[in-house]
Each structure stands twice: as C-alpha cells, then as structure tokens.
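Asker: With this note's numbering applied, the sequence shown corresponds to residues 411 to 661, in that order.
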Amino acid sequence: LVMGSVWAANTTVQHAATATAPASTTTSSQPLATAVAATAAAQQTTAKPATGAAVHKSNPVPACAAGAVTQPQAVSLSSSQPGLIKAPQLTGTYTIYGNDVSQINNQMFTCSPVTIGSNHFAASTDYVISWNFGIRSDGSDTCTLTDVRVGLAVSQTFPAWQATANNPAVAAQWHRFITNLATHENGHAQLDSQYAQSLLHNLQSFPAASCDTISAAANARSQSIVADLNRANDSYDATTNHGSTQGAILR
Numbered sequence: 411l412v413m414g415s416v417w418a419a420n421t422t423v424q425h426a427a428t429a430t431a432p433a434s435t436t437t438s439s440q441p442l443a444t445a446v447a448a449t450a451a452a453q454q455t456t457a458k459p460a461t462g463a464a465v466h467k468s469n470p471v472p473a474c475a476a477g478a479v480t481q482p483q484a485v486s487l488s489s490s491q492p493g494l495i496k497a498p499q500l501t502g503t504y505t506i507y508g509n510d511v512s513q514i515n516n517q518m519f520t521c522s523p524v525t526i527g528s529n530h531f532a533a534s535t536d537y538v539i540s541w542n543f544g545i546r547s548d549g550s551d552t553c554t555l556t557d558v559r560v561g562l563a564v565s566q567t568f569p570a571w572q573a574t575a576n577n578p579a580v581a582a583q584w585h586r587f588i589t590n591l592a593t594h595e596n597g598h599a600q601l602d603s604q605y606a607q608s609l610l611h612n613l614q615s616f617p618a619a620s621c622d623t624i625s626a627a628a629n630a631r632s633q634s635i636v637a638d639l640n641r642a643n644d645s646y647d648a649t650t651n652h653g654s655t656q657g658a659i660l661r
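#1: Taking buried to mean at least 16 other C-beta atoms within 10 Å of its own C-beta, is D638 buried or exposed?
#2: Whose CA, out of L487, Q572, T503 and S550, lies closest to the CA of N509?
#3: Flag this pair as touching only if the stretch 474-491 and the stretch 558-570 have three or more C-beta atom pairs under 8 Å; answer yes or no.
#4: Identify whether T623 lies in helix, strand or coil by the three-state DSSP scheme.
#5: For the pair the stretch 600-619 and the stretch 489-503, tell me if three or more CB-CB distances fall below 8 Å.
#6: Under the assumption that I665 contacts F587 (Cβ atoms under 8 Å), give the Cβ distance between them as a whole number of angstroms.
#7: So what does DSSP say about G561, is it helix, strand or coil?
#8: Could you check the C-alpha separation between T552 and P492 for me, to the nearest Å?
#9: Considering just the uninterrupted stretch of the alpha helix (DSSP H) at D508, what are its terminal residues?
#10: From the DSSP secondary-structure annotation, give me the bridge partner or partners of D570.
#11: Please state the DSSP three-state secondary structure of S434.
#12: I believe V524 touches F531 by the beta-carbon criterion, under 8 Å. Please report the beta-carbon distance rounded to the nearest angstrom.
#13: Tell me whether S615 is buried or exposed, calling it buried when 16 or more other Cβ atoms sit within 10 Å of its Cβ.
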C-alpha cells in the first residue's frame, strides 16, 4: 500500500513564499481475509488414545494491540541546497502473535492500522513530496524558475510477528511472506523516488513564461506529475495483485 501527500511552495523576488494545501491518495498491499472467530483462543491437543498420554494444552496466543501507521515527515526545503533532498526512510511495525498461519492472519486483520474502507492490508508505504522554487524576471514580463528544490520523505509500516511457540515450519512461512512483502513495498518506494526525480527535472527545465502565470503553471505541472505517481502506484498494485504475485501472501 502507498499513501502520499504533496506540499508545494514557490518564491518570487517580489513576494513571500506561498503554499498549496496538502493532498493525499492511497493504494494497497495484499488484502487480509476476514478474521475467523475464536482462533486466538488457546487450542488443546490430545495424544493418540493408544499411548495413554495426558492431554496437553498448546501455548496461549496473546491478543494484539491496534497498531499505528508510521508517517513520513516532510523535508524542510528552506535551508537546503537546490536539487533533490531525500529524508532517511522510516520503518515502523505493529506486533502480532500466533502459533499457526491462521492465527497470524487473523491478528494481522484485527490489528493492522492499514485500512481502506472495510479492507485491511498487511503493510503500507507512505510518502510526502514537496517542492519550491524561485522566480527570476528578465526585466520584462518573462520569468524563469530558479533554485528548484524537491523533497521526498518515505515511510513504511510492517507487521512484526512474535512467535509464542517453537514451530520452524511456521517461522519459515513467515520469513518468506515478510521478505516478499518488503519486496512489494520497496517497489512503491522506488516509484516514489523515480517520480520525485522526474518532478525535479521538469521544474529545472520548465520553459520561460509570463511572470503572472509561471508560478501557477509550474505548480500545475508538479501536481500532474504527482497524479502520475499515484496512477503508477495503482497500476503496480493491480499488476502484482497487491503483492500476491510476488509471494506476499501468507498461507
């Protein structure tokens, strides 16, 4: 899943900086199936009758707590050099438990903070793109952009499974799932970086225009590139079925 925000500002030689209101969009990783009732309860197993062994209770499964999405913080551009400025990527987790795949899936459904409507998702990638630029006049009515800066901040939220029993088979399934889930989410992060670079290039090569309209035109171009990024993330999710074709499904 990817969630995105944008923040734009421009400066002129005559006016103070202005900014647009943030906007956001959301795409998703593999949806989680509806939780099965009572699967988190302690399970009992009984040895074969011929052995005469006692009944044993499996390890109880702790309840998970609702997680929170790790949010990226917009890059401060005011003191940065012109160019693309990337913030260190943030990664957060929410803790889940389970002795088997069914219990783990149920806890992801219950406690994942990544939801869209009634749909629950295992992980998310969030971004904030920001930009600013100066405007230089040639002394007439023609202006160009100068000192272009683009900021990109990305964060990711993943489930963190805490084993409550020694089950190598389940551990191997989890390792495969979380590795493939990270591959999927990193694909979103790569798209975010690619389009941030494209935004920088477009603003740096923006053609000269009327001083009265260049700021609005440059911001409209930037918003269009962000919309293209959102569509690219949607297409990536559709192509990979939210990561399931990459193995990001626990079963």
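Glycine residues also receive a C-beta, built at the ideal position from the N, C-alpha and C atoms.
Answerer: From the atom records:
#1: exposed
#2: Q572
#3: Three or more beta-carbon pairs drawn from the stretch 474-491 and the stretch 558-570 are found closer than 8 Å, and the two stretches are therefore classed as touching.
#4: coil
#5: yes
#6: Any property of residue 665 remains undetermined from this structure, which presents the chain solely from 411 to 661.
#7: strand
#8: 22 Å
#9: Reading the sequence as shown, one finds Gly at residue 508 and not Asp. In the DSSP assignment, G508 falls outside any alpha helix (DSSP H), carrying neither H nor E.
#10: Sequence check: residue 570 is Ala here, not Asp. According to DSSP, which records beta bridges pairwise, A570 is partnered with T505.
#11: Note that S434 scores 35 on pLDDT, short of 50, meaning its location in the model is unreliable; the coordinates nonetheless yield the value given after this. In the structure shown, S434 sits in a strand (DSSP, three-state: E or B).
#12: 4 Å
#13: exposed
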